[in-house]
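Contents: one structure, followed by commentary.
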Amino acid sequence: AQTVTQSQPEMSVQEAETVTLSCTYDTSESNYYLFWYKQPPSRQMILVIRQEAYKQQNATENRFSVNFQKAAKSFSLKISDSQLGDTAMYFCAFMKQWDNDMRFGAGTRLTVKP
Amino acid sequence: EAQVTQNPRYLITVTGKKLTVTCSQNMNHEYMSWYRQDPGLGLRQIYYSMNVEVTDKGDVPEGYKVSRKEKRNFPLILESPSPNQTSLYFCASGLMGQTNTEAFFGQGTRLTVV
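Put into C-alpha cells, the structure is as follows:
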C-alpha cells in the first residue's frame, strides 16, 4: 500500500518570504500523480498543484512550485513571496494512474506572520 | 457551476441516533468517495463507489454504510453513531480511468457525536 509522510506538523514564515513544505511517499508504482491541497479555515479542499510522475519537469503555479525527486520519492512544495492568505493546512496526496484512490499525508499547518 | 454539495455542514447528534450525510455532484462523475479527517491522521478513505450500485470499503469503513442508487448521489449513513465518529467528513468525486484526473471535494461536514 502507498503511504504519504509529511514530517512537519507545523511551520511558520514571515510574509513575503519563501517556505518549503516536505512530503515523502512510498510506492512500487511507476506511474502516478502527486498533489498538494490547501485547506484554509473555511475547510474547503483546494488543489494547489499537481505533478505527473512521468514528467521530469517540476510543476509550477504562480508562487507555488514543487521539487519532485522520483528516485528519492520526495515531493516538496515551495511557496514564494508568502502571503497572509497562504495560512492554511497543506496536504500532500498520492494517486496511482488509472486509480481514483487518493492517499493523504497527515498535513502541515502553515502560518504566515505579518 | 461544477460542484460537490454536502449537507449538513455542521451536525451535533447523540450516540446511537441514526444519521445521514448527503453528497451530490453535478459533473457526471463515475467515482465518488467519502473521507474522514482527524488531527494528525490526514484524510482517510471510508468508502468509495466506481459507479451506480458499485461500492467498496476504504481504509476505515467500520460503523458506516453507503449507497449509490443514482450517479449524482452518494450518501453516508451512520446507523448507530458513536463518539469516536466525531470528525470532519469530506465527499469527493472524479472521473474514472482518466489521465490528469483530480478529486473534487465538497465543503465538509463537521460531525460531533455526544
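Chains as they are written, first to last, in the working numbering: chain A, 8 to 121; chain B, 9 to 122.
Every residue, glycine too, gets a C-beta built ideally from N, C-alpha and C.
Is it true that the CB of V119/A sits closer than 8 Å to the CB of E22/A? What you label residue 22/A is simply residue 15 of the first sequence in a count that begins at 1. What you label residue 119/A is simply residue 112 of the first sequence in a count that begins at 1. Their beta carbons are under 8 Å apart, which means E22/A touches V119/A by this criterion.
Could you tell me the alpha carbon to alpha carbon distance between Y61/A and F101/A, rounded to whole angstroms? Residue mapping note: residue 61/A aligns to position 54 of the first sequence, counting from 1. Residue mapping note: residue 101/A aligns to position 94 of the first sequence, counting from 1. Spanning the two alpha carbons is a distance of roughly 14 Å.
Are there 16 or more other CB atoms within 10 angstroms of the CB of D93/A, so buried, or fewer, so exposed? The residue given as residue 93/A occupies position 86 in the first sequence. With 16 or more neighbouring CB atoms inside 10 Å of its own CB, D93/A falls in the buried class.
Please state the DSSP three-state secondary structure of Q15/A. In the first sequence, residue 15/A corresponds to position 8, counting from 1. DSSP places Q15/A in coil when its eight states are reduced to three.
Close Cβ partners of T10/A (< 6 Å) along its chain, the five nearest in sequence each way excluded: By one-based count along the first sequence, residue 10/A stands at place 3. If we look at T10/A and ignore the five residues flanking it on each side, its Cβ neighbours are D33.
Tell me the residue span of the beta strand (DSSP E) that contains A8/A. The residue you call residue 8/A lines up with position 1 of the first sequence. No beta strand (DSSP E) contains A8/A, which DSSP labels as neither H nor E.
Residues near G102/B in its chain [Cβ-Cβ closer than 7 Å; skip 5 each side]: Here residue 102/B refers to the residue found at position 94 of the second sequence. Around G102/B: H37, Y39, T109, E110, A111, F112.
Would you say G24/B touches the ligand ADP, meaning its beta carbon is less than 7 Å from a heavy atom? Looking at this structure, you won't find the ligand ADP or any other ligand, since it has none at all.
Neighbour list for A113/A in chain B, Cβ cutoff strictly below 7 Å: Here residue 113/A refers to the residue found at position 106 when the first sequence is read from its first residue. Correct list: G48, L49, G50.
Opposite E68/A in the DSSP bridges: which residues? The count along the first sequence starts at 1 and reaches residue 68/A at position 61. Bridge partners of E68/A according to DSSP: F71/A.
Looking at the C-beta of Y97/B, does it have a partner C-beta in chain A at a distance below 8 Å? Counting from 1 along the second sequence, the entry for residue 97/B is found at position 89. No, Y97/B lies away from the interface with chain A (no Cβ there is under 8 Å from its Cβ).
Span of the beta strand (DSSP E) holding K103/A? For this step, residue 103/A is matched to residue 96 along the first sequence. Start and end: 95-103.
Whose C-beta lies closer than 7 Å to the C-beta of K45/A among residues of the same chain, with five residues either side of it excluded? Taking the first sequence and counting its residues from 1, the one referred to as residue 45/A is at position 38. The residues are I53, V55, A95, Y97.
Do G114/A and G116/B have their beta-carbon atoms positioned less than 8 Å apart in this structure? To locate residue 116/B, count along the second sequence from 1; it is residue 108. To locate residue 114/A, count along the first sequence from 1; it is residue 107. 8 Å or more divides the Cβ of G116/B from the Cβ of G114/A.
Please state the DSSP three-state secondary structure of G92/A. Taking the first residue of the first sequence as position 1, residue 92/A is located at position 85. Helix, per DSSP.
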